[in-house]
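Peer 1: The structure that follows is given in the form of structure tokens.
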Amino acid sequence: MFFSISLFAQSQKNSCTTNPKVLDAALKKEPSIYERLLSLDYIQKSISQKVLIFSSNLDHTVKNWVKDDTNTSVKEVKKCIEEEKEAYSLFSMVSLYDDFFKDETYLNTTNKSYIRLRWGIEQNQKEGFDYFNNIRVNLRLPKTEDALYLFIGDDEDDETNTINNGNVEKSTSVGVKYVLDNLDVLNVSVFGGFKGITNPFMKLRMQYPIAFKYLLFRPIQYVEYSYEDEFKEETKLYFDHRLKNKKELIRLSLGRYTQTYLDGMNYSAQLSYLSTIKHSVGLQIYTGFQGQTQTQTSTPANTKYNITPAPGIYNYDTGIVWKQQFFKKYIFYELHPLVEFSQQYDYNANYIFRANLELFFGDI
């Protein structure tokens, strides 16, 4: 199977409206993520511009196959189109989960303006009680053909831990994002701004999804330069597989990054199960680890255990994320119990509970 998203996106224009599964779901009116996934309005809104480009390519390809080949080839073409429909449905489903959980792939690729506010608390067995907050803003600048955006906060700001865990408080990123929107499914964005008054930075982000019938592969590459940290480059790989009931996902994410003032390479892996329990409720169960090829210091991170940092995997974690919309469509709460086995605590279990309140004002 080698069909990419640039091919399967075309087939929806001619085939989605006649898909029995789509019609059945519409008649049942299931109040779930499945109904939204198969909504023609959602599909049209998500990548409507690409459908016009790709459908002409598909029509041309099918005409050539039918003209030059026998009836057997016609059957093969129909089979390929069905597979592309499945692949496109998978892509829409993954996008829907990313939208609901507001992960970095959605927040960095959406062409909508939004404001997201998050407040949270954490009870950490080893470190005690703490709190954190986060703001993320993405506003289209008028008369720029949806190419320029004012942003506040980025993916690194989202990864900021609580004061107990983070040790160093990060400054919120502010600047302008330029989106190259004429590259079909290749998503390219250029960021320029400041991480604090004295730390200007520029960042390039590229994402190219490749969809198969049951698997969506998304490689993402970052290249960043800032005055204080100099160069940083990061690679993320997402593999999404849909389960048989077509409403659940298994996701494998791999990551690595290097930085000028850090020795060696940091890496991570996470395996997740994503599902929806009912309307406006999302569930994610995950397990993963983080590691490094070289240590940055020989000083113990925790004097109680007096553990000297060593190369290799320095943290294992597993947890559950329960996110639900309530009261208003823009208000969500999130419950996140997890357990960590960290090198700094001699890999003893550290039980953590986090609770978040999120306000998300989208498409403003």
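Quick note on numbering: the sequence shown equals residues 639 to 1002 in this note's numbering.
The C-beta atom is built at its ideal place from N, Cα and C for all residues, glycine as well.
In angstroms, rounded to a whole number, what distance separates the CA positions of Ala-725 and Ser-809?
Peer 2: Along the sequence shown, one-based indexing puts residue 725 at 87. Along the sequence shown, one-based indexing puts residue 809 at 171. Roughly 40 Å separates the two Cα atoms.
Peer 1: Only counting runs of 4 or more residues, tell me where the alpha helix (DSSP H) segments fall wholly within the segment 737-810, in order along the chain.
Peer 2: Fully enclosed alpha helix (DSSP H) runs of 4 or longer: 742-747, 793-796 and 801-804.
Peer 1: Since Lys-874 and Ser-913 are thought to touch, with beta carbons under 8 Å apart, how far apart are those beta carbons, to the nearest angstrom?
Peer 2: Looking up residue 874 in the sequence shown gives position 236. Looking up residue 913 in the sequence shown gives position 275. Contact flag wrong, Cβ pair sits at about 22 Å.
Peer 1: Would you call the CB atoms of Ala-757 and Asn-771 closer than 8 Å?
Peer 2: The sequence position of residue 757 within the sequence shown is 119, counting from 1. The sequence position of residue 771 within the sequence shown is 133, counting from 1. Ala is not the amino acid found at residue 757; the sequence shown has Trp there. Yes, Cβ-Cβ distance for Trp-757 and Asn-771 is below 8 Å.
Peer 1: Determine the burial state of Ile-915: buried for a count of at least 16 other Cβ atoms within 10 Å of its Cβ, exposed for fewer.
Peer 2: To locate residue 915, count along the sequence shown from 1; it is residue 277. Per the 10 Å Cβ criterion, exposed.
Peer 1: If we ignore side chains and look at the alpha-carbon of each, how far apart do Thr-935 and Thr-836 end up?
Peer 2: Here residue 935 refers to the residue found at position 297 of the sequence shown. Here residue 836 refers to the residue found at position 198 of the sequence shown. Thr-935 and Thr-836: Cα-Cα distance of roughly 26 Å.
Peer 1: Could you tell me the alpha carbon to alpha carbon distance between Asp-737 and Asn-746, rounded to whole angstroms?
Peer 2: In the sequence shown, counting from the first residue as 1, residue 737 sits at position 99. In the sequence shown, counting from the first residue as 1, residue 746 sits at position 108. If you take the alpha carbons of Asp-737 and Asn-746, they lie about 11 Å apart.
Peer 1: Quick one: Cα of Leu-909 to Cα of Ile-773, how far?
Peer 2: The residue you call residue 909 lines up with position 271 of the sequence shown. The residue you call residue 773 lines up with position 135 of the sequence shown. So the two alpha carbons sit approximately 27 Å from each other.
Peer 1: So Phe-965 is in the beta strand (DSSP E); what residue range does that whole segment cover?
Peer 2: Along the sequence shown, one-based indexing puts residue 965 at 327. Phe-965 -> no beta strand (DSSP E), and no H or E assigned at all.
Peer 1: Using the beta-carbon count (16 or more within 10 Å), is Ala-849 buried or exposed?
Peer 2: The residue given as residue 849 occupies position 211 in the sequence shown. So Ala-849 counts as buried.
Peer 1: Which runs of the beta strand (DSSP E), 3 residues or longer, sit entirely within the segment 819-855?
Peer 2: As far as the segment 819-855 is concerned, its whole beta strand (DSSP E) runs of at least 3 residues are 825-833 and 838-845.
Peer 1: What do you get for Ser-694, buried or exposed, if any count of 16 or more other CB atoms within 10 angstroms of its CB means buried?
Peer 2: The count along the sequence shown starts at 1 and reaches residue 694 at position 56. Note that Ser-694 scores 43 on pLDDT, short of 50, meaning its location in the model is unreliable and no value can be drawn from it.
Peer 1: Tell me whether Ser-936 sits in a helix, a strand or coil according to DSSP, three-state version.
Peer 2: Translated into positions along the sequence shown, residue 936 becomes position 298. Reduced to three states, the DSSP call for Ser-936 is coil.
Peer 1: With a CB to CB cut of under 6 Å and the five nearest residues on each side skipped, what residues in its chain are close to Leu-824?
Peer 2: By one-based count along the sequence shown, residue 824 stands at place 186. Excluding sequence neighbours, Leu-824 sits near Tyr-846.
Peer 1: Got a sec? Which residues, its chain only, sit under 7 Å from Gln-932 by beta carbon, not counting five neighbours each side?
Peer 2: Against the sequence shown, residue 932 aligns to sequence position 294. So the qualifying residues of the chain are Asp-901, Gly-902 and Pro-949.
Peer 1: Please state whether the Cβ-Cβ distance between Phe-855 and Lys-815 is less than 8 Å.
Peer 2: Position 217 of the sequence shown, counting from 1, holds the residue named residue 855. Position 177 of the sequence shown, counting from 1, holds the residue named residue 815. No. Outside cutoff.
Peer 1: For Ser-727, which of helix, strand or coil comes out of DSSP?
Peer 2: The residue given as residue 727 occupies position 89 in the sequence shown. Reduced to three states, the DSSP call for Ser-727 is helix.
Peer 1: Compute the beta-carbon to beta-carbon distance between Tyr-905 and Arg-889, rounded to the nearest angstrom, for a pair I have assumed lies under 8 Å.
Peer 2: Mapped onto the sequence shown, residue 905 falls at position 267. Mapped onto the sequence shown, residue 889 falls at position 251. About 17 Å separates the two Cβ atoms, so there is no contact after all.
Peer 1: Run through the DSSP bridge pairs and tell me what Gln-859 is partnered with.
Peer 2: Translated into the one-based positions of the sequence shown, residue 859 becomes position 221. In DSSP, Gln-859 forms a bridge with Met-844 and Thr-873.
Peer 1: Under a Cβ-count criterion, where at least 16 other Cβ atoms within 10 Å of its own Cβ denotes burial, should Thr-937 be classed as buried or exposed?
Peer 2: Here the question's residue 937 lines up with position 299 in the sequence shown. Its Cβ having fewer than 16 others within 10 Å, Thr-937 is exposed.
Peer 1: Using the Cβ count rule (16 or more neighbours within 10 Å means buried), how would you classify Asp-784?
Peer 2: For the purposes of this step, residue 784 is identified with residue 146 of the sequence shown, where counting begins at 1. With fewer than 16 Cβ atoms within 10 Å of its Cβ, Asp-784 is classed as exposed.
Peer 1: Look up Gly-813 in the DSSP assignment and give the residues it is bridged to.
Peer 2: Along the sequence shown, read from residue 1 onward, the residue named residue 813 stands at position 175. DSSP output for Gly-813 lists Phe-789 and Gly-831 as bridge partner(s).
Peer 1: Could you check whether Arg-880 and Tyr-924 sit closer than 8 Å to each other, using their CB atoms as the reference points?
Peer 2: The residue given as residue 924 occupies position 286 in the sequence shown. The residue given as residue 880 occupies position 242 in the sequence shown. It is not a contact, given that the beta carbons lie outside the stated cut-off.
Peer 1: Identify the residues that DSSP records as bridge partners of Tyr-895: which are they?
Peer 2: Mapped onto the sequence shown, residue 895 falls at position 257. Per DSSP, Glu-872 and Asn-904.
Peer 1: Which same chain residues, not among the five before or five after Tyr-985, have their C-beta less than 8 Å away from its C-beta?
Peer 2: Sequence index remark: in the sequence shown, residue 985 carries index 347 (1-based). Here the set comprises Tyr-954 and Phe-979.
Peer 1: Express the C-alpha separation of Gln-982 and Thr-946 in angstroms, rounding to a whole number.
Peer 2: Residue numbering aside, residue 946 sits at position 308 when the sequence shown is read from its first letter. Residue numbering aside, residue 982 sits at position 344 when the sequence shown is read from its first letter. Using only the alpha carbons, I get a separation of about 8 Å.
Peer 1: For Met-844, I'd like the list of residues in its chain whose CB is within less than 6 Å of its CB, leaving aside the five on either flank, ordered along the chain.
Peer 2: Locating residue 844 in the sequence shown gives position 206, where the first residue counts as 1. If we look at Met-844 and ignore the five residues flanking it on each side, its Cβ neighbours are Val-826 and Gln-859.
Peer 1: Give every residue of the same chain whose Cβ lies closer than 7 Å to the Cβ of Lys-666, excluding the five residues on either side of it in the sequence, and list them in chain order.
Peer 2: Walking along the sequence shown from the start, residue 666 turns up at place 28. Note on Lys-666: pLDDT 46, under 50, position unreliable in the model; no value is reported.
Peer 1: Could you name the residues of the same chain whose beta carbon sits closer than 6 Å to that of Ser-891, not counting the 5 residues immediately before and after it, in chain order?
Peer 2: Taking the first residue of the sequence shown as 1, we reach residue 891 at position 253. Excluding positions up to five away in sequence, the list reads Tyr-876 and Gln-908.
Peer 1: Under the three-state reduction of DSSP, which class applies to Tyr-943: helix, strand or coil?
Peer 2: Within the sequence shown, numbered from 1, the residue matching residue 943 stands at position 305. Correct three-state label for Tyr-943: coil.
Peer 1: Given that a residue counts as buried once 16 or more other Cβ atoms are within 10 Å of its Cβ, and exposed if not, what is Val-861?
Peer 2: Translated into positions along the sequence shown, residue 861 becomes position 223. By the 10 Å Cβ count, Val-861 comes out exposed.
Peer 1: On the DSSP letters alone, give me the boundaries of the beta strand (DSSP E) that Asn-988 sits inside.
Peer 2: Locating residue 988 in the sequence shown gives position 350, counting from the first residue. 987-1000 is the extent of the beta strand (DSSP E) around Asn-988.
Peer 1: The beta strand (DSSP E) with Tyr-924 in it runs from where to where?
Peer 2: Taking the first residue of the sequence shown as position 1, residue 924 is located at position 286. Here the beta strand (DSSP E) through Tyr-924 covers 919-930.
Peer 1: In this structure, how does DSSP classify Tyr-971 when only helix, strand and coil are distinguished?
Peer 2: If you number the sequence shown from 1, residue 971 lands on position 333. Strand at Tyr-971.
Peer 1: Could you round the C-beta distance between Lys-961 and Gly-920 to whole angstroms and report it? I think they count as a contact, below 8 Å.
Peer 2: Taking the first residue of the sequence shown as position 1, residue 961 is located at position 323. Taking the first residue of the sequence shown as position 1, residue 920 is located at position 282. With a Cβ gap of about 5 Å, Lys-961 and Gly-920 count as contacting.
Peer 1: Looking at Glu-871: is its Cβ nearer than 8 Å to the Cβ of Thr-896?
Peer 2: Position 233 of the sequence shown, counted from the start, is the residue given in the question as residue 871. Position 258 of the sequence shown, counted from the start, is the residue given in the question as residue 896. Yes, they are a contact pair.
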